[in-house]
Amino acid sequence: MNDRSYLPWWRLDNAAKIFPSTSSAHDSKVFRFFCELKEEVEPAALQAALDRTMERFPLYRCVLKRGWFWYYLEDSPLPAVARPEDLPPCFPLYPSARRSLLFRVLYYRRRVSLEVYHVLSDGAGALDFLRALVWEYLSIRYPQAGLPQGGAPAFGVSDQQKEADSFQKYYEKPARRFGLDPAAYQIPGERLPKNRLAILEGRIPTASLLACARSRGATLTELLTAVLLRSIHEGMRVRDQKKPVVITIPVNLRNYFPSFSSRNFFAIIHVGYDFGRNEDSLPAVLAQVKRSFEEKLTQEQLKAQMNSLCALEHNFPIRMAPLPLKDVVLRWANRLAAHGATASFSNVGRLAMPKGAEKYIRQFGVLTCAGCLQACAVSFQDSFVITFASPFRSRETERVFFQELSRLGLDVTLTTNIEEEAEQHVVL
Amino acid sequence: MLFCEQCRVHVTGSSGRCPLCQSPLTGQPEENAYPVLRAGKSPLRLPLRLAALATVAVAAACFAINLSLPDTGWWSAIVAAALASTWLLLGVTVRKRGSPMKAIVWQLGAVSAVTLLWDLCTGFAGWSLDFVLPIFLPCVQLAALIAAKALGLRPADYLFSLTLCILAGFLPLIPLLCGALGVVYPSVICAGISLVALAALLLFKGAELKADAQRRLHL
Chain A
1 MNDRSYLPWW RLDNAAKIFP STSSAHDSKV FRFFCELKEE VEPAALQAAL
51 DRTMERFPLY RCVLKRGWFW YYLEDSPLPA VARPEDLPPC FPLYPSARRS
101 LLFRVLYYRR RVSLEVYHVL SDGAGALDFL RALVWEYLSI RYPQAGLPQG
151 GAPAFGVSDQ QKEADSFQKY YEKPARRFGL DPAAYQIPGE RLPKNRLAIL
201 EGRIPTASLL ACARSRGATL TELLTAVLLR SIHEGMRVRD QKKPVVITIP
251 VNLRNYFPSF SSRNFFAIIH VGYDFGRNED SLPAVLAQVK RSFEEKLTQE
301 QLKAQMNSLC ALEHNFPIRM APLPLKDVVL RWANRLAAHG ATASFSNVGR
351 LAMPKGAEKY IRQFGVLTCA GCLQACAVSF QDSFVITFAS PFRSRETERV
401 FFQELSRLGL DVTLTTNIEE EAEQHVVL
Chain B
429 MLFCEQCRVH VTGSSGRCPL CQSPLTGQPE ENAYPVLRAG KSPLRLPLRL
479 AALATVAVAA ACFAINLSLP DTGWWSAIVA AALASTWLLL GVTVRKRGSP
529 MKAIVWQLGA VSAVTLLWDL CTGFAGWSLD FVLPIFLPCV QLAALIAAKA
579 LGLRPADYLF SLTLCILAGF LPLIPLLCGA LGVVYPSVIC AGISLVALAA
629 LLLFKGAELK ADAQRRLHL
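See the structure below:
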């Protein structure tokens, strides 16, 4: 092989193919995971940890490039640098004036944040990177703790397994045709200036939240989805109630199809509730949400959805269309799909760190930017953190949501970036 | 930690008001979890805006003087066209400043188009096709090569742009074959240089060029 001409590159996976065409300043398709430690972050140790982590995730050393027919990822010598947090949350990574890696590592006080462009990876994939990064950081920062070197997260998974495109692996040509989702209620309201996001994090003790859900015979995700549906309903005008409230919920396909990929591998299910025709009490909404989850979260249903999306990508005329044309069509399709959803809720689930590392970590959290109201949740030990990222000036949905959780007897602790402007004189 | 009596929720940070109901909070403020961000502005923004305003002022002054002195001919139109051309080239450069190789290709296109337009609008004496473009194109090829080497770029980062510059060097053959040229030898030399450059590219960077094409053209 001629070594000089060899340059690693990757095709985008099925889910990633839509993101470059549809990212914009108000919908950056960037998500953030943060890890709050018990002590302030030490920048030099974080940089050293990042360097070590990069060696184990070759896919993260890449930039996005435009081909003639598709975008693709190409290996890049750009260095990964841990920077102090100086940008608004989920600030666009692509397109940007200067070519950059598709993720950034930021720190502020006790928090380490990893922001990832969705083209590179989904939440579950990025979490592997963050866990490895935090592990490396802790083992550099606290050498006396004796964290075992072999115990880092995502060890034992080969580079090929991490880079695998699992959509391709499980794709079978489907017989089903496409249909459009009915239009869903859209939260109205003025947006924040400069495409800013209002972040509102709520920390709830996992055990009591779990007990609360179990006592209603539901899972955490089902309960919170039902509460979210009702919170959105609270702000609806009567004449809007003929439209259903629809929440999109990403599902990690790794739980249904074996895969160790660090790239995208998820599907999206729609859970809706028609408040115009049905009762708006929590038990009624919860019962309907549970039914939807049972119907939609089956391997056959998810496979059918995955296949129909992959079929588009395998369609020969679509593949032959030049990229500028694809950009236009995908942007239009994205706008059409956005009409079918009111908000989005993503529960990343329970996150574990290897033994010995937990005592340095206070909590993990996740948030994302996608143009509409987004709620994301992750749990670590006894802290379940649900984060709302909203482009709207009004935060009535969040208010009703957290007040309802508080009424359910849960102990909620809120953290926000909202009042930052008002407090410039207090803290920097 | 702070507490909101109305919503029965705890609040971290140093805010004086509840993020849900905006009532006053009780308890001890803490440090904020999110930094206060200063609005970052591009350093180019103010100079560019001032320059744009100055341009409009100059153009307006010229039109005013020209209208007052109608016997002097329509020289203000030439001033305005010159200012517009300058802004077009400046705009391309500023927009593509992140990737120098792309900037070179865009400048090649913009300069060629502006030159042709000037020639066409000033009576088409043919100087653009006869001299300017055949001399300009090999210079751009050389500039692209120097930029790629000086910046230490990898083949994947410059080959595509360099290839475009070299292929553009064959364009003067079109007016030559159509018989639209007054002076032939600059165009012939330009095409000759481009042919040698293309051969060198294929011989020395053929494998890299093929790999680059495979990436860019994958279906």
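Listed in order, the protein sequences are those of chains A and B. Residue numbers for the first sequence follow our numbering, so the first one is 1 and each next one is one higher. Residue numbers for the second sequence follow our numbering, so the first one is 429 and each next one is one higher. Just so you know, even glycine gets a beta-carbon here, dropped at the ideal spot from N, CA and C.
Item: Note down the Cα distance separating A:F402 from A:Y185, rounded to an integer number of angstroms.; Value: 21 Å
Item: Hey, how far is the Cα of B:Q535 from the Cα of B:L516?; Value: 9 Å
Item: Three or more C-beta pairs under 8 Å: does that hold for the region 357-375 of chain A against the region 86-96 of chain A?; Value: yes
Item: Out of A:S215, A:S344, A:V400, A:S24, state which residue places its alpha-carbon closest to the alpha-carbon of A:L235.; Value: Per the sequence shown, residue 235 of chain A should be read as Gly rather than Leu. A:G235 has its Cα closest to that of A:V400, out of A:S215, A:S344, A:V400, A:S24.
Item: At what residues does the alpha helix (DSSP H) containing B:D585 begin and finish?; Value: 583-596
Item: Output needed for A:Y256: all residues of its chain with C-beta closer than 7 Å, excluding positions within five of it in sequence on either side, in chain order.; Value: Q299, L302
Item: Considering only the beta carbon of each residue, do A:R263 and A:L50 sit closer than 9 Å?; Value: no
Item: Can you confirm whether the region 79-86 of chain A touches the region 100-117 of chain A when touching is taken to mean that 3 or more C-beta pairs between the two stretches lie within less than 8 Å?; Value: yes
Item: Less than 9 Å between CB atoms is the rule here; does B:V560 satisfy it with respect to chain A?; Value: no
Item: Please state the DSSP three-state secondary structure of A:W9.; Value: strand
Item: Just checking: is the beta-carbon of B:T454 within a distance shorter than 9 Å of some beta-carbon in chain A?; Value: no
Item: Tell me, please, which residues DSSP counts as bridged to A:Y107.; Value: A:P84, A:V112
Item: When DSSP builds the beta bridges, which residues end up paired with A:H270?; Value: A:T248
Item: For the region 11-37 of chain A, which residues have a CB atom closer than 8 Å to at least one CB atom of chain B, in sequence order?; Value: R11, E36
Item: What number of angstroms, rounded off, separates the C-alpha of A:P324 from the C-alpha of A:W332?; Value: 13 Å
Item: Contact criterion: CB-CB distance below 9 Å. Does A:W70 meet it with respect to chain B?; Value: yes
Item: Answer yes or no: does any C-beta atom of chain A fall closer than 9 Å to that of B:A628?; Value: no
Item: I need the DSSP call for A:H425, collapsed to helix, strand or coil.; Value: With a pLDDT of 40 at A:H425, under the threshold of 50, the modelled position of that residue is not reliable, and the figure given next carries that caveat. In the structure shown, A:H425 sits in coil (DSSP, three-state: anything other than H, G, I, E or B).
Item: How many angstroms separate the CA atom of A:L405 from the CA atom of B:S527?; Value: 50 Å
Item: Determine the direct distance from the alpha carbon of A:P193 to that of B:A479, and round the result to whole angstroms.; Value: 27 Å
Item: Leaving out five residues before and five after A:I187 in sequence, what residues of the same chain have Cβ atoms less than 8 Å from its Cβ?; Value: I232, G235, T342, A343, C372, L373, F392, T397
Item: Per DSSP, which residues does B:R445 bridge with? Please list them.; Value: B:P452
Item: To the nearest angstrom, how far is it from the Cα of B:A489 to the Cα of A:A375?; Value: 56 Å
Item: Kindly list, in the order they appear in chain B, the residues whose Cβ is closer than 7 Å to that of A:V227.; Value: Residues of chain B passing the Cβ test: none, with the nearest at roughly 14 Å.
Item: Beta-carbon of A:D86 versus every beta-carbon of chain B: anything under 9 Å?; Value: yes
Item: Between B:S622 and B:Q569, is the Cβ-Cβ spacing less than 9 Å?; Value: yes
Item: What residue does the beta strand (DSSP E) around A:D75 start on, and which one ends it?; Value: 71-75
Item: Taking only beta-carbon atoms, is B:G526 less than 9 Å away from chain A?; Value: yes
Item: Figure out for me which residue from A:V134, A:L351, A:G189, A:F167 has the closest Cα to the Cα of A:S390.; Value: A:G189
Item: Taking the continuous beta strand (DSSP E) assigned at A:F33, which residues delimit it?; Value: 30-37
Item: Indicate the three-state DSSP secondary structure (helix, strand or coil) for A:E55 in the structure shown.; Value: helix
Item: Output the boundary residues of the alpha helix (DSSP H) element that contains B:V522.; Value: 503-523
Item: Under 7 Å Cβ to Cβ from A:Q363, same chain only, skipping five residues before and after it: list those, please.; Value: E36, R203, F380, S383, V385
Item: Using beta carbons (cut-off 9 Å, strictly below), is A:I418 in contact with chain B?; Value: yes
Item: Out of B:I532, B:G519, B:A461, which one is the CA nearest neighbour of B:L573?; Value: B:I532
Item: Find out if the Cβ-Cβ distance for the pair A:R32, A:V116 is shorter than 9 Å.; Value: yes
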